[in-house]
Amino acid sequence: MVRTMRIVLVAFLLALSVPSGAATRYWLLQDVVFSDGRTAVGSFGYDDTTNQVTTWNIRVQGGSGYQPFTYLPGNSVPVNGGVGITGGFVYFFEFTAMEGTGGERRLWLSVKFRLDGAVSSQPLYLVDPLAPLGYYYAYERKPGAAPDRKIVAGSIDFVPFPPPVGLVDVIEFYHAGLGHYVMSADPPEIAGLDSGYFPGWTRTGESFKAYATGSSAGATMNPVCRYFKWPVGGVTTHFFSANAYECWLVDHLFGPEWVIESDNMFQIDLPDMATGACPGSTVPVYRLWNGVLPTNHRYTTSLAVRSTMMAAGWIPEGYGPVGVAMCAEGL
Numbered sequence: 210m211v212r213t214m215r216i217v218l219v220a221f222l223l224a225l226s227v228p229s230g231a232a233t234r235y236w237l238l239q240d241v242v243f244s245d246g247r248t249a250v251g252s253f254g255y256d257d258t259t260n261q262v263t264t265w266n267i268r269v270q271g272g273s274g275y276q277p278f279t280y281l282p283g284n285s286v287p288v289n290g291g292v293g294i295t296g297g298f299v300y301f302f303e304f305t306a307m308e309g310t311g312g313e314r315r316l317w318l319s320v321k322f323r324l325d326g327a328v329s330s331q332p333l334y335l336v337d338p339l340a341p342l343g344y345y346y347a348y349e350r351k352p353g354a355a356p357d358r359k360i361v362a363g364s365i366d367f368v369p370f371p372p373p374v375g376l377v378d379v380i381e382f383y384h385a386g387l388g389h390y391v392m393s394a395d396p397p398e399i400a401g402l403d404s405g406y407f408p409g410w411t412r413t414g415e416s417f418k419a420y421a422t423g424s425s426a427g428a429t430m431n432p433v434c435r436y437f438k439w440p441v442g443g444v445t446t447h448f449f450s451a452n453a454y455e456c457w458l459v460d461h462l463f464g465p466e467w468v469i470e471s472d473n474m475f476q477i478d479l480p481d482m483a484t485g486a487c488p489g490s491t492v493p494v495y496r497l498w499n500g501v502l503p504t505n506h507r508y509t510t511s512l513a514v515r516s517t518m519m520a521a522g523w524i525p526e527g528y529g530p531v532g533v534a535m536c537a538e539g540l
């Protein structure tokens with residue numbers, strides 16, 4: 210409660226200094242809860258000149274039935290508009306992901322007032338405080354999976370700045386006894402791998418740059434999921450993908466054999482799916498598979514490493530003729 214009051218107070222004081230002609234305003238999801246206990250965190254930018262959502266990073270997790278999912282510009286599309294209901298006007302905006310794939314996700318948010326109105330000192334409610342069941346138009350939906358998860362609590366609050374943009378190092382480790390590779394961008398996990406808390410792992414010297422979870426890093430960002438495979442012969446492994454549909458397929462096709470550890474370990478670009486070309490100044494991250502049990506994947510930005518692994522029998526996976534899985538920051 211105290212935290213909420215502080216956020217609202219700061220938003221109000223800073224709103225007084227926002228020029229009347231300012232176009233993009235940023236809104237923070239605050240204490241958003243769904244009917245099954247699911248929660249949502251994150252923020253979005255709204256251009257009150259073009260009346261469009263311009264950037265977003267919204268993560269939904271917990272509850273029942275759905276895997277966690279992060280809506281980012283690289284994997285989802287915004288739709289916005291207004292609708293009249295009994296008692297007034299509701300402004301809504303929807304984020305749709307993986308349309309037509311079987312793994313569709315839709316997050317529909319509605320607020321009590323228009324986002325292009327005067328910035329208020331009060332939060333804009335995602336549910337009507339006088340109607341405990343909430344607006345019908347505030348939910349997350351997985352088409353074909355009923356019922357909708359309606360939002361039963363929460364608001365959005367004006368904030369003066371977009372979320373920070375932060376880079377992380379994605380570091381590769383190798384276990385000589387297992388012959389397996391793994392990578393991590395999580396500082397506590399990296400510390401455990403370095404210290405021997407997770408015994409047998411050493412750094413290979415290979416790494417690449419990506420954006421931290423929650424960063425507002427532009428229109429092409431995708432979250433990277435990480436799945437954990439239950440042991441085969443006492444050996445576990447991990448799988449990473451920046452393609453939301455591929456992440457969904459792992460869960461859909463293999464069920465309990467693979468367990469999702471995170472829907473957003475870090476954020477990164479995807480290559481062109483036909484050519485494997487990476488955008489702008491980003492660099493290709495190649496994915497290779499050992500092709501045997503216990504299974505293992507390796508991710509590298511090095512063509513020399515890729516060639517060495519292929520000579521050892523590893524199979525390239527990914528997009529384009531050389532198997533590009535994702536695109537790292539070329540810093």
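Per my numbering: the sequence shown = residues 210 to 540. Here a beta-carbon is modelled for each residue, glycine too, at the ideal position from N, C-alpha and C. Nothing here was measured: the structure is a model prediction, and the numbers come from that model.
The residue among His506, Gly375 and Val492 with its C-alpha nearest the C-alpha of histidine 384 is His506. If you compare the alpha carbons of Thr413, Thr446, Pro440 and Asn452 with that of threonine 429, the shortest gap goes to Asn452. Per the coordinates, the alpha-carbon of valine 368 lies some 12 Å from the alpha-carbon of glycine 251. Leaving aside the five residues that flank cysteine 434 on each side, the residues in its chain whose CB is nearer than 6 Å to its CB run, in chain order, Ser450, Cys456 and Asp472.
Residue pairing by DSSP places histidine 384 opposite His389 and Trp410 in a beta bridge. DSSP places methionine 307 outside any alpha helix (DSSP H), giving it a letter other than H or E. Within the same chain, Cβ atoms closer than 6 Å to the Cβ of cysteine 487 are found at Pro480, Pro493 and Cys536, the five residues on either side in sequence being excluded.
Per DSSP, arginine 515 is not a residue of any beta strand (DSSP E); the alpha helix (DSSP H) it occupies stretches across 512-520. For alanine 400, the enclosing alpha helix (DSSP H) stretches over residues 396-404.
Bounds of any alpha helix (DSSP H) do not take in glutamate 466, whose DSSP letter is neither H nor E. For serine 252, the uninterrupted beta strand (DSSP E) segment begins and ends at 248-256. Counted as a single uninterrupted DSSP element, the stretch harbouring tryptophan 523 is not any beta strand (DSSP E), since DSSP gives it neither H nor E. Across the structure, tyrosine 280 and threonine 484 are spaced so that their CA atoms are roughly 25 Å apart.
Secondary structure at glutamate 415: strand, using DSSP grouped into helix, strand and coil. The stretch 374-393 and the stretch 408-422 touch, with three or more beta-carbon pairs separated by less than 8 Å.
The alpha-carbon of glycine 271 is positioned some 14 Å away from that of aspartate 357. Within the DSSP bridge table, the entry for glutamine 239 names Ser364 as partners. Within the same chain, and ignoring the five residues on either side of tyrosine 406 in sequence, the residues whose Cβ sits closer than 8 Å to its Cβ are Ala400. Short of 7 Å from the beta carbon of glutamine 276, and not among the five residues preceding or following it, lie these beta carbons of its own chain, in chain order: Asp460, Ile469 and Asp472. For leucine 497, the enclosing beta strand (DSSP E) has its first and last residue at 492-498. Minimum Cα-Cα distance from valine 514 among the listed residues Pro503, Leu238 and Glu415 corresponds to Glu415. Here DSSP, grouped into helix, strand and coil, assigns glutamate 455 to helix. In the displayed model, aspartate 481 falls within coil according to three-state DSSP, outside both helix and strand. Partner residues in the beta bridge of tryptophan 317, as assigned by DSSP, are Glu303 and Tyr348. Apart from sequence neighbours up to five positions away, the residues of its chain that approach tryptophan 498 with a beta-carbon distance below 6 Å are His506, Ile524 and Glu526, ordered along the chain. Excluding its 5 nearest sequence neighbours in each direction, leucine 502 has C-beta neighbours in its own chain below 7 Å: Val441, listed in chain order.
Distances from the alpha-carbon of tyrosine 255 to those of Pro352, Arg268 and Trp236 put Trp236 closest. In this structure aspartate 378 touches lysine 418 by the C-beta definition: roughly 6 Å separates them, less than 8 Å. Between the alpha carbons of isoleucine 365 and glutamate 466 lies a gap of roughly 38 Å. For the options Trp439, His389, Lys359 and Ala521, the alpha carbon positioned closest to that of phenylalanine 243 is the one of Lys359.
In the structure shown, the three-state DSSP call for aspartate 460 is helix. Distances from the alpha-carbon of glycine 500 to those of Thr517, Thr233, Gly522 and Ala394 put Gly522 closest. DSSP places proline 282 outside any beta strand (DSSP E), giving it a letter other than H or E. For tyrosine 275, no beta strand (DSSP E) segment is defined, and its DSSP state is neither H nor E.
For aspartate 472, the secondary structure class from DSSP, reduced to helix, strand or coil, is coil.
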